[in-house]
Amino acid sequence: MSSDDVNPLQGVFQTFERFSRCVQTRLSQFVGQADRSKHAKGKPGISASLAAMEIPASDIVIKKQSAGPVTKEELGRATWTFLHTLAAQYPEHPTRQQKKDVKELMAILSRMYPCKECADHFKEILRASPVQAGSQSELSQWMCYAHNVVNRSLGKLTFPCERVDARWGKLDCEQRACDLQGTTLDFPPRIP
Ligand SMILES: Cc1cc2nc3c(=O)[nH]c(=O)nc-3n(C[C@H](O)[C@H](O)[C@H](O)COP(=O)(O)OP(=O)(O)OC[C@H]3O[C@@H](n4cnc5c(N)ncnc54)[C@H](O)[C@@H]3O)c2cc1C
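Read in order, the letters of the sequence shown correspond to residues 1 to 192 in full-length UniProt numbering.
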C-alpha cells in the first residue's frame, strides 16, 4: 500500500482506541473508588485482593499511560478531585486568613484555569453564587453545588450533595497528619 492510500480500517481503529481509552479511564476510577471505600471499612481493597490472587501488578494494565498533553476532561477530573478534597480537608472552624485564601484561590482559578471556556464558566458561577467558606461543610456543599452547575450545563446528571462526604472525604493520610489547623470557635482570639 502506498503512503497516499487510506487504510479502510483506520476509522474503525480510531473508534476502538477512543472507546478503549474511555473504558480504561472509567475502570481506573472505579478501582480507585472501590479501594478507598474498602479501606475505609478496614477491608482489603481491589488492589490487595488482586495481590492475594497472585496476579502480578505488571499484568494489570488499567490506564493507558501517555506522556502527551491531557484532555479538557482529564484536567477537569483532576481539578475536581483537588477541589473536593480541599473542601473535605478544610477546617470546620477556619481562620479569617483561610476563608480569604480559599476565596482568592477560586478567583485565581477562574482567571488562570487552563481551559478558557471552563474558566469563564467558573467566573459566572462565582459571580452568581459567591464561595461559601464559613466552615468545612459549607465549603463542601458549595463546591458540590458549583460542580453541579457545570454538570447541568454539560447535560450530565447532577450529584446528590448530601452524599458528598461519602464520595470524597478527607485525604487518606496517616494519623490525620495532613489536616489543616483551623481555629476554635473563639475567633478572633482574645488578646490577654
Ligand atoms: C471549574 C471547572 C469548570 C469546568 N467547566 C467546563 C466547561 O465549561 N465545559 C467543559 O466541557 N468542561 C468543563 N469542565 C470539566 C468538566 O466539569 C468535567 O470535569 C469533565 O467533563 C469530565 O467529566 P466526568 O464526567 O469525567 O466527571 P467530573 O465532572 O470531572 O467529576 C469527577 C467525579 O466527581 C464526582 N462528582 C460529580 N459531580 C459532583 C458534584 N456535584 N459534587 C461532588 N462530586 C461530584 C463524580 O464521582 C465524578 O466521577 C470544568 C471543570 C472545572 C474544574
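Ideal placement from N, C-alpha and C gives every residue a C-beta, glycine not left out. Just so we're clear, the structure is a prediction, and the values are computed from it rather than from any experiment.
Checklist entry - For ligand 1, any of its heavy atoms closer than 6 Å to the Cβ of residue 92? => result no
Item to check | Simplified DSSP assignment, three categories, for residue 85 | outcome: helix
Item to check | Cβ shell of residue 181 (< 8 Å), same chain only, five flanking positions each side left out | outcome: 91
Item to check | residue 164: first and last residue of the uninterrupted alpha helix (DSSP H) it sits in | outcome: 164–167
Item to check | For residue 122, the first and last residue of its enclosing alpha helix (DSSP H) | outcome: 116–128
Checklist entry - Between residue 79 and ligand 1, is the CB less than 6 Å from at least one heavy atom? => result yes
Next on the checklist: Please state the DSSP three-state secondary structure of residue 70.
Outcome noted: coil
Checklist entry - If you check the beta carbons only, do residue 170 and residue 88 fall under 7 Å apart? => result yes
Next on the checklist: Under 6 Å: does the beta carbon of residue 149 sit that close to some heavy atom of ligand 1?
Outcome noted: no
Next on the checklist: Assuming residue 140 and residue 165 are in contact, meaning their beta carbons sit under 8 Å apart, how far apart are those beta carbons, in whole angstroms?
Outcome noted: 7 Å
Next on the checklist: Considering only the alpha carbon of each residue, which of 121, 107, 151, 85 lies closest to residue 178?
Outcome noted: 85
Checklist entry - Could you give the distance in angstroms between the alpha-carbon of residue 108 and the alpha-carbon of residue 118? => result 13 Å
Next on the checklist: Quick check: what's the CA-CA separation for residue 94 versus residue 183?
Outcome noted: 6 Å
Checklist entry - If we cut at 7 Å on Cβ distances, does residue 84 have a partner in chain D? => result Annotation note: the requested chain D is absent from the structure, which comprises a single protein chain.
Next on the checklist: Can you look up residue 137 in the DSSP assignment and give me helix, strand or coil?
Outcome noted: helix
Checklist entry - By the 10 Å Cβ neighbour count, where 16 or more other Cβ atoms means buried, how is residue 70 classified, buried or exposed? => result exposed
Next on the checklist: I'd like the span of the alpha helix (DSSP H) that includes residue 96, first residue to last.
Outcome noted: 96–112
Checklist entry - Roughly how many whole angstroms lie between the Cα atoms of residue 156 and residue 149? => result 10 Å
Checklist entry - Taking all protein chains shown into account, do 16 or more other C-beta atoms lie within 10 angstroms of the C-beta of residue 112, making it buried, or fewer, making it exposed? => result exposed
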